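Heads up: the protein sequence lines correspond to chains X and A, in order. Numbering-wise (the working numbering), the first sequence opens with residue 715 and increments by one. Numbering-wise (the working numbering), the second sequence opens with residue 555 and increments by one. We put the beta carbon where it would ideally sit given N, CA and C, even for glycine. Just so you know, these numbers come straight off a predicted model, no measurement behind them. So the structure is just underneath, and the comments pick up after that.
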Amino acid sequence: EAGVAQSPRYKIIEKRQSVAFWCNPISGHATLYWYQQILGQGPKLLIQFQNNGVVDDSQLPKDRFSAERLKGVDSTLKIQPAKLEDSAVYLCASSLTSTVYEQYFGPGTRLTVT
Amino acid sequence: KQEVTQIPAALSVPEGENLVLNCSFTDSAIYNLQWFRQDPGKGLTSLLLIQSSQREQTSGRLNASLDKSSGRSTLYIAASQPGDSATYLCAVRPQAAGNKLTFGGGTRVLVKP
């Protein structure tokens with residue numbers, strides 16, 4: 715079974731530029747999560763999708779971050795414009811459903827904003 | 555608001571020594587608790603998941619205990635090896651938040667040969 719795929723693995727941009735990350739969850743997984751992990755901290759949930767609908771985006775900075783999962787499979791997370799404090803690893807995870815099923819994580823995208 | 559704490563933030567032990575990693579959480583109303591391993595530049599790998607009704611879970615050299623009433627979990631790794639060097643994260647699923655995970659800050663472990 716293929717795992718969660720993410721791209722790119724690394725990205726360096728200047729502040730005020732925009733960036734997009736892509737995630738392909740495990741086949742058949744209805745629930746998809748985006749996490750932000752700042753160096754030395756645990757991951758923080760940004761947004762959770764159930765199929766193509768948003769379940770929880772309470773910690774997503776909506777003035778600059780956006781995410782979509784149009785066909786209920788792949789997802790993209792965008793930052794526009796980026797700030798220095800957005801430097802982090804962005805992790806995507808998926809689970810079979812949203813009801814207390816184990817989450818499987820991708821390798822992450824490391825973003826550096828200069 | 556659920557808060558998860560892992561102390562110490564970093565730990566260094568000689569090879570062969572047993573590892574004891576601690577995790578505490580403020581709200582005992584959880585579905586389960588999960589321990590993850592994270593290698594540098596990699597995603598998270600699930601190690602053990604303990605349901606709220608369980609006291610412990612074991613997998614090979616790993617044993618995790620859960621004391622929900624006191625808000626504590628401990629991960630034991632027996633006979634540590636250099637390959638166990640990684641960051642270990644614990645996460646809880648609060649009962650009121652569906653499948654949302656709340657993570658601790660992690661403990662970075664170095665096992666010296």
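Chain X residues whose Cβ lies nearer than 8 Å to that of residue i
i	result
A:G625	Near A:G625 there are no residues of chain X at all, since even the closest Cβ is about 16 Å away, more than 8 Å.
A:L603	E816
A:G659	G754, Q755 and G756
Reference residue i; option with closest CA among the options
i	options	result
A:L629	A:P594, A:R609 and A:P568	A:R609
A:F657	A:V567, A:G637 and A:Q592	A:Q592
X:H743	X:Q817, X:S801, X:K792 and X:Y804	X:Q817
A:P562	A:T612, A:G625 and A:T641	A:T641
X:G717	X:S741, X:V733, X:K729 and X:I726	X:S741
A:L573	A:T612, A:N653, A:A632 and A:A645	A:A632
A:A583	A:A564, A:K555, A:P667 and A:P568	A:K555
X:R730	X:Y815, X:D800 and X:T811	X:D800
Chain A residues whose Cβ lies nearer than 7 Å to that of residue i
i	result
X:F763	The premise fails here: X:F763 is roughly 12 Å from chain A at the closest Cβ pair, so nothing lies under 7 Å.
X:C770	According to the sequence as given, residue 770 of chain X is Asp; it is not Cys. K654, listed in chain order.
Residues sharing a beta bridge with residue i, DSSP
i	result
X:K725	X:L825
X:Y815	Answer is none; X:Y815 lacks a bridge partner.
A:T580	Bridge partners of A:T580: none, in fact.
X:K792	X:A734 and X:S780
X:D800	X:D800 is not bridged to any residue.
A:R626	A:S578 and A:D621
Presumed contact (8 Å Cβ cut-off) between residue i and residue j, rounded CB distance
i	j	result
X:F819	A:G597	4 Å
X:Y846	X:A807	No information on residue 846 of chain X is available, as it lies outside the stretch 715 to 828 that chain X covers here.
A:S627	A:S619	6 Å
X:Q720	X:A802	Not quite, the Cβ-Cβ distance comes to about 14 Å (not below 8 Å), so this is no contact.
A:F579	A:G614	The Cβ separation is near 25 Å, so there is no contact.
A:G659	X:Q755	5 Å
A:A645	A:Q588	5 Å
A:N576	A:L603	With 8 Å as the limit, A:N576 and A:L603 do not qualify as a contact, their Cβ atoms being about 18 Å apart.
Under 7 Å from the C-beta of residue i: neighbouring residues of chain X
i	result
A:K622	By Cβ distance, chain X contributes nothing, its closest Cβ being about 15 Å from A:K622, past 7 Å.
A:S600	E816
A:K596	P821
Contact test: residue i Cβ vs the ligand PLP heavy atom, cutoff 7 Å
i	result
A:L575	Judged by which ligands are present, the structure shown has none, so any question about the ligand PLP falls away.
8 Å Cβ cutoff, residue i in contact with chain C
i	result
A:S578	Chain labels in this structure do not include chain C; the protein chains are X and A.
Partners in chain X for residue i, counting only beta-carbon separations shorter than 9 Å
i	result
A:L643	G756 and P757
Against chain A, which members of the stretch 798 to 822 of chain X pass a CB distance test of less than 9 Å? In summary, the residues of the stretch 798 to 822 of chain X whose CB is separated from some CB of chain A by less than 9 Å are V803, L805, C806, A807, S809, T811, S812, T813, V814, Y815, E816, Q817, Y818, F819, G820, P821 and G822, in the order they occur in the chain.
Name the residues in the stretch 741 to 766 of chain X whose C-beta lies less than 9 Å from a C-beta of chain A; which are they? If the cut-off is 9 Å between Cβ atoms, the stretch 741 to 766 of chain X has T745, Y747, Y749, Q751, G754, Q755, G756, P757, K758, L759 and Q762 near chain A.
What residues from the stretch 627 to 641 of chain A come within 8 Å of chain X, judged by C-beta to C-beta, listed N to C? Here the close residues number zero.
So if I threshold CB-CB distances at 8 Å, which residues from the stretch 561 to 575 of chain A count as touching chain X? Shown in chain order are the members of the stretch 561 to 575 of chain A whose Cβ falls below 8 Å from a Cβ of chain X: A563.
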